[in-house]
Amino acid sequence: MEEWYKAIEEASSVESLESIRVSVFGKKGILAAEFAKMKTAANEEKAKIAKDLNIHKGKMTSLLAERKMTLQTLELRARMEAEKIDVSLFSSRSEKGAVHPVMDTMDKIVDYFASMNFSVQTGPMIEDDFHNFEALNLPKYHPARDMQDTFYFKDEMLLRTHTSPVQIRTMLHTKPPIRMIAPGSVFRRDYDITHTPMFHQVEGLLVDKEGEVSFANLKYILEDFLKYMFGDIEVRFRPSFFPFTEPSAEVDISCVFCKGEGCRVCSKTGWLEVLGCGIVDPNVFKAVGYKDVSGYAFGLGVERFAMLIHQIGDLRSLFEGDVRLLEQFR
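In this note's numbering, the protein residues as written are -8 to 321.
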């Protein structure tokens, strides 16, 4: 047995140690062979043989475990030594990163409205029906409630389809006047070159005493904002419909690609739609318990702005992590 003790102590790797363990404890190993000899031993010697073998078995089991732990520690140290790096060394390949174009556009939007004294509000991404639909004057039959548009959970909760619920939550807990924007992620069942299941919006709300807010106020700030974002462009307002505003309008800018002359991107019209807006519907104020107030609201898609600013043709490319695209914004 002494040769096996020595073999265990001199094992140089976990693999060689495992080979020794099999040779000693395996079905055809040394211990099995020694125990088998008891069949031919005299009865008075069997007890002593069994006792001696069990003592050796216990010692070798303990010795194997200790040697294995020692070898594993040595191997780990050797691997760490081989893989270590000197973080104090200067590398000429050091490259600085960049803000993602969507987040860069979001920051620019937020900076503008913050400079106009709008507060920045946030809210939960998982919403209930009241905050996401009912309070925003979206009746049960409205198409936006269709399962093809909204991600619903089994408990009737849902992933918010816009950041307008943040406006409702703010009004429920704050007395007017209110001057706020709500940037954040929203979710809808869409996926094509201009839509993704998750995207970002910035929605704005201003509420004050009745008669203090007009469409002219809204028109002024949005025109100034769009020229801040896109430079020397023309802006126009077209009548539209949104359940939570009345009157409502969609806002277009002269095409940033063809400068309003007409191209494939603007479908030869010379105009690009960029956001929606309007005077807050009285039913929305009724849902939050507001009386004798007026206000305006607007909403825009951040990815849409990023695509126009950076002239990106496919919205999905903003989320694919292609370094060839992203490194252009360093």
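All C-beta atoms in this analysis are idealised placements derived from N, C-alpha and C, irrespective of residue type, glycine included.
So, for PRO234: in the same chain, excluding its five sequence neighbours on each side, which residues have a beta-carbon less than 6 Å away from its beta-carbon? Its chain contains ASN128 and LEU129 as the residues whose beta carbon lies nearer than 6 Å to that of PRO234, once the 5 sequence neighbours on both sides are disregarded; these appear in chain order.
Host beta strand (DSSP E) of PRO174 (start-end): Per DSSP, the continuous beta strand (DSSP E) segment holding PRO174 begins and ends at 169 to 178.
How many Å lie between ASP199 and PHE221 at the Cα? In a straight line, the C-alpha of ASP199 is about 29 Å away from that of PHE221.
In DSSP terms, what PHE228 is bridged to: The partner list for PHE228 (beta bridge, DSSP) reads VAL242.
Per DSSP, which residues does MET189 bridge with? Please list them. Beta bridge pairing from DSSP links MET189 with PHE178.
Within 9 Å, strictly: CB atoms of LEU306 and THR187: Taking a C-beta distance under 9 Å as the contact criterion, LEU306 and THR187 qualify as a contact pair.
Roughly how many whole angstroms lie between the Cα atoms of PRO156 and MET189? So the alpha carbons of these two residues sit roughly 16 Å apart.
Return the chain-ordered list of same chain residues with a C-beta closer than 7 Å to the C-beta of PHE26, the five sequence neighbours on each side being excluded. Closer than 7 Å at the Cβ level, and outside the excluded window around PHE26, lie LEU44.
Report the option in GLU194, SER7 and ASP120 whose CA atom is closest to the CA atom of GLN63. Nearest of GLU194, SER7 and ASP120 to GLN63, Cα basis: SER7.
Beta-carbon gap between ASN108 and ARG151 smaller than 9 Å: Not closer than 9 Å, so no.
What residue range does the beta strand (DSSP E) around ALA288 cover? Residues 284 to 292.
Reduced DSSP category for VAL198 - H, G, I as helix; E, B as strand; rest coil: In the structure shown, VAL198 sits in a strand (DSSP, three-state: E or B).
May I ask which residues mark the beginning and end of the alpha helix (DSSP H) holding ILE21? Here the alpha helix (DSSP H) through ILE21 covers 21 to 27.
Please go through the same chain and pick out, in chain order, the residues whose beta-carbon is closer than 6 Å to the beta-carbon of GLU237, but skip the five residues on each side of it. For GLU237, where only same-chain residues beyond five positions count, the Cβ hits under 6 Å are ASP272.
At what residues does the beta strand (DSSP E) containing GLU264 begin and finish? For GLU264, the enclosing beta strand (DSSP E) has its first and last residue at 262 to 271.
Close-in-space but distant-in-sequence residues of the same chain around ARG321 (CB under 6 Å, 5 per side omitted): Taken in chain order, the residues that qualify are ALA89.
My assumption, with CB atoms under 8 Å, is that VAL93 sits in contact with LEU299. Please give the rounded CB distance. Between the beta-carbon of VAL93 and that of LEU299 there is about 12 Å, and that puts the pair past the 8 Å contact cut.
For GLU237, which three-state DSSP category applies? Here GLU237 sits in strand by DSSP.
Is it buried or exposed for HIS191, if we count other Cβ within 10 angstroms and need 16 for buried? Classified as buried, HIS191 has 16 or more neighbouring CB atoms from the shown chains inside 10 Å of its CB.
Between which residues of its own chain and ASN274 is the CB-CB distance below 7 Å, once the five residues before and five after are set aside? Taken in chain order, the residues that qualify are ASN128.
Hey, out of ARG295, LEU217, LYS37 and VAL279, whose CA is closest to THR165's CA? Nearest C-alpha to THR165: VAL279.
Would you tell me roughly how many angstroms separate the C-alpha atoms of SER110 and LEU196, rounded to the nearest one? Looking at the two C-alpha atoms, the distance is approximately 10 Å.
Under the three-state reduction of DSSP, which class applies to SER79: helix, strand or coil? If DSSP states are grouped into helix, strand and coil, SER79 belongs with coil.
According to DSSP, is VAL204 helix, strand or coil? Per DSSP, reduced to three states, the secondary structure at VAL204 is coil, with no helix or strand assignment.
7 Å Cβ shell around ARG229 - same chain, five flanking residues per side excluded: Counting only Cβ-Cβ distances below 7 Å, and skipping sequence neighbours, we find ALA240, GLU241 and ASP243.
Counting only the same chain and skipping the five closest in sequence on each side, list residues whose C-beta sits under 7 Å from that of PHE232. For PHE232, where only same-chain residues beyond five positions count, the Cβ hits under 7 Å are SER239.
DSSP bridge partner residues for SER110 (one or two, in chain order): In DSSP, SER110 forms a bridge with MET171.
Shortest alpha-carbon distance to THR161 belongs to which of MET51, LYS99, GLU194 and PRO134? Ranked by how close their Cα comes to the Cα of THR161, the residues MET51, LYS99, GLU194 and PRO134 have GLU194 in first place.
Can you give the beta carbon distance from VAL5 to GLU66, rounded, assuming they're within the 8 Å contact cut? Between VAL5 and GLU66 a beta carbon distance of about 7 Å is seen, short of the 8 Å cut, so the two are scored as contacting.
What number of angstroms, rounded off, separates the C-alpha of LYS30 from the C-alpha of ARG70? Taking C-alpha positions only, LYS30 is separated from ARG70 by approximately 49 Å.
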